[in-house]
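*Asks:* Quick one: this structure, given as structure tokens, is what I'll be asking you about.
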Amino acid sequence: MSAEDLERYETELELQLYREYKDIARQFSYVVETERRFYLANSVDLQVRNAGGEVYFELRLSDAWVWDIHRPARFVKNVRVVTFKDVNVEELDKPDLEVPGNS
Numbered sequence: 001m002s003a004e005d006l007e008r009y010e011t012e013l014e015l016q017l018y019r020e021y022k023d024i025a026r027q028f029s030y031v032v033e034t035e036r037r038f039y040l041a042n043s044v045d046l047q048v049r050n051a052g053g054e055v056y057f058e059l060r061l062s063d064a065w066v067w068d069i070h071r072p073a074r075f076v077k078n079v080r081v082v083t084f085k086d087v088n089v090e091e092l093d094k095p096d097l098e099v100p101g102n103s
């Protein structure tokens, strides 16, 4: 597979994932971003932890969808994320979403 073929394949996977996101986003209440992943969830519990002077975040999500093109099962009942990086949690506005390039 050439680099160009691989790039087209990755682009198509990302577009397919965005279409899935567009179709299911209205089913969720929160958008959660970590340094590694993007999630949609209906329940979010974020705890700031301190262990030995190190501050980290423990995040528990339920009824969630995971944005990852390499993951075949994106819907999960529960997710636990531990990270030393910032976590962004926003209540989902649920605007009308459009696939880029479509009118």
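Counting from 1, position 81 in the sequence shown corresponds to residue 81 in full-length UniProt numbering; the numbering is continuous, with no gaps.
All C-beta atoms, glycine included, are put in the ideal place defined by N, C-alpha and C.
The structure presented is a predicted model; accordingly, all values stated were derived computationally and were not measured.
Measuring CB atoms only, is the segment 45–60 touching the segment 1–16, in the sense that at least three cross pairs come out at less than 8 angstroms?
*Replies:* With fewer than three CB-CB distances shorter than 8 angstroms, the segment 45–60 does not count as touching the segment 1–16.
*Asks:* Note down, in chain order, each residue of its chain lying with its Cβ closer than 8 angstroms to the Cβ of Ser-103, except the 5 sequence neighbours on either side.
*Replies:* Caution is warranted here: a pLDDT of 49 is assigned to Ser-103, below 50, making its placement in the model unreliable, and no coordinate value can be reported.
*Asks:* Please check the pair Lys-77 and Asp-68, which I expect to be a contact at CB under 8 angstroms, by giving their CB distance rounded to whole angstroms.
*Replies:* Not really, about 16 angstroms apart at Cβ, beyond 8 angstroms.
*Asks:* Whose C-beta lies closer than 6 angstroms to the C-beta of Arg-36 among residues of the same chain, with five residues either side of it excluded?
*Replies:* none
*Asks:* Please work out which residues of its chain come closer than 8 angstroms, Cβ to Cβ, to Val-55, disregarding the five sequence neighbours upstream and downstream, and give them in chain order.
*Replies:* Val-48, Arg-49 and Phe-84
*Asks:* With 16 other CB atoms within 10 Å as the buried threshold, where does Tyr-73 fall?
*Replies:* Note on identity: in this sequence residue 73 is Ala, with Tyr being the wrong assignment. Exposed is the call here.
*Asks:* Would you mind giving the Cβ-Cβ distance between Phe-28 and Leu-40, rounded to the nearest angstrom? I have them listed as a contact below 8 angstroms.
*Replies:* 4 angstroms
*Asks:* Among the residues of its own chain, which have a CB less than 7 angstroms from the CB of Val-31, if the five just before and after it don't count?
*Replies:* Leu-40, Glu-90 and Leu-92
*Asks:* Check Lys-22 in the structure and name its three-state DSSP category.
*Replies:* helix
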